[in-house]
Amino acid sequence: MQEREEYDQLAYLKSDERLGNSTEYTAKLNVLKSFDYVNSDNIVQLKGQVACSIGKQELMLTELLFHNILTDLPEEDIAALLSCLVFNQKTEMGPNLTPSQKETIDRIQKLARDIGETQKHFGLLEDVDDYVDQFQFGLVEVVYKWTMGVSFREIIELTDVQDGSIVRVIQQLVETLEDLRKAAQILGNPTLESKMEAASTKIKRDIVFQGSLYLE
């Protein structure tokens, strides 16, 4: 019964709302099978167990983990690059990126396209570009500097994104890092788990986690 409960949870997590028809349900199940979240007997696999522990963007985050895209990065880069999962606004001011960040962004975008193409193949998407474009990297430099200890007054000069939006992104990022910490625990990866904890600790500071007008 445990496997069935996990499978139902995974199928639910795969959707923005409860699945209302069998066609959509079957299509989503086929996507999960194609990425080895469940096997041909509908039994949840390790990737599926990891996805069940993630609250949002579970496909993308799980694939990032299993492709080892984050594993070897310092925690500052992990936090900065993961901002793309909680920020979907296009910006006029582009971030200044390190060569390593640029390389990792290319890998993330390729992975997003692979996921989008698979969903399109099974009839769940019409436009793959729309799926890829939801992951925006305009705050990578901002979050990176914040994680490095730069003041809020200084980081808001690096972007045209409103102050309140920056605060909300960083706060949501803490939730994402916690999801990944739990996922790393399931995978038995203490190194990655420690990195997620360290990244979370570094961004949870100052005005971003104090009561302010940005939260109202």
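1 is the number of the first residue of the sequence shown in the working numbering; add one for each residue after it.
By construction, the Cβ of each residue, glycine as well, lies at the ideal position given by its N, Cα and C atoms.
Buried/exposed call for residue i, threshold 16 Cβ in 10 Å
i, result
"Gln89", "exposed"
"Ala199", "buried"
"Lys47", "buried"
"Lys56", "exposed"
"Leu13", "With a pLDDT of only 46 at Leu13, under 50, the local geometry of the prediction cannot be trusted, and no value is derived from it."
"Gly164", "exposed"
"Met148", "exposed"
"Lys195", "buried"
"Ser22", "exposed"
"Gln101", "buried"
"Glu154", "exposed"
"Thr62", "buried"
"Glu218", "Lying outside 1 to 216, the shown extent of the chain, residue 218 is not represented and no answer is given."
"Leu215", "For Leu215, the predicted model reports a pLDDT of 43, less than 50, meaning its position is unreliable; a value from the coordinates is still stated below. Looking at its Cβ environment, which holds fewer than 16 other Cβ atoms inside 10 Å, Leu215 is exposed."
"Asp206", "exposed"
"Thr191", "exposed"
"Val150", "exposed"
Bridge-paired residues (DSSP) for residue i
i, result
"Val38", "Val44"
Residue i versus the options, residue with shortest Cα-Cα distance
i, options, result
"Asp160", "Asp133, Val150, Glu141 and Leu187", "Glu141"
"Leu111", "Gly123, Asp133 and Thr98", "Asp133"
"Ile156", "Gln171, Thr98, Met93 and Gln172", "Met93"
"Leu180", "Leu32, Glu75 and Val44", "Glu75"
"Lys145", "Leu187, Asp77, Ser194 and Pro190", "Asp77"
"Ile170", "Lys28, Lys204 and Thr26", "Lys204"
"Lys202", "Leu177, Thr191, Asn189 and Ile186", "Leu177"
"Leu173", "Leu82, Met60 and Phe137", "Leu82"
"Ile69", "Ile54, Leu139, Ile108 and Ala184", "Ile108"
"Lys33", "Gln119, Gln162 and Leu139", "Gln119"
"Val143", "Arg113, Leu97 and Asp129", "Leu97"
"Glu193", "Asn39, Thr91, Leu65 and Asp41", "Leu65"
"Arg168", "Asp106, Arg113, Cys84 and Glu197", "Cys84"
"Met60", "Asp129, Ile115 and Glu24", "Ile115"
"Thr91", "Asn42, Glu175 and Phe135", "Phe135"
"Glu117", "Tyr25, Asn189 and Phe35", "Phe35"
"Thr104", "Asn42, His67 and Glu24", "His67"
"Leu158", "Asp129, Pro99, Pro95 and Asp127", "Pro95"
"Glu175", "Asn42, Glu197, Asp41 and Asn39", "Glu197"
Cβ distance (whole Å) where residue i is taken to contact residue j below 8 Å
i, j, result
"Val217", "Phe152", "Absent from the structure is residue 217, since the part of the chain shown begins at 1 and ends at 216."
"Tyr37", "Ala27", "Not really, about 14 Å apart at Cβ, beyond 8 Å."
"Asn30", "Phe122", "5 Å"
"Ala183", "Ile54", "6 Å"
"Leu125", "Tyr131", "6 Å"
"Gln49", "Ile186", "6 Å"
Contact with chain B by residue i, beta-carbon distance below 9 Å
i, result
"Trp146", "No chain B is present in this structure, which holds just one protein chain."
Problem set entry | Whole runs of the alpha helix (DSSP H) within the segment 71-117, excluding any shorter than 4 residues | 75-82
Exercise. Which residue spans inside the segment 128-209 form an unbroken alpha helix (DSSP H) run of at least 4?
Worked result: 128-133, 140-147, 152-155, 163-187 and 190-203
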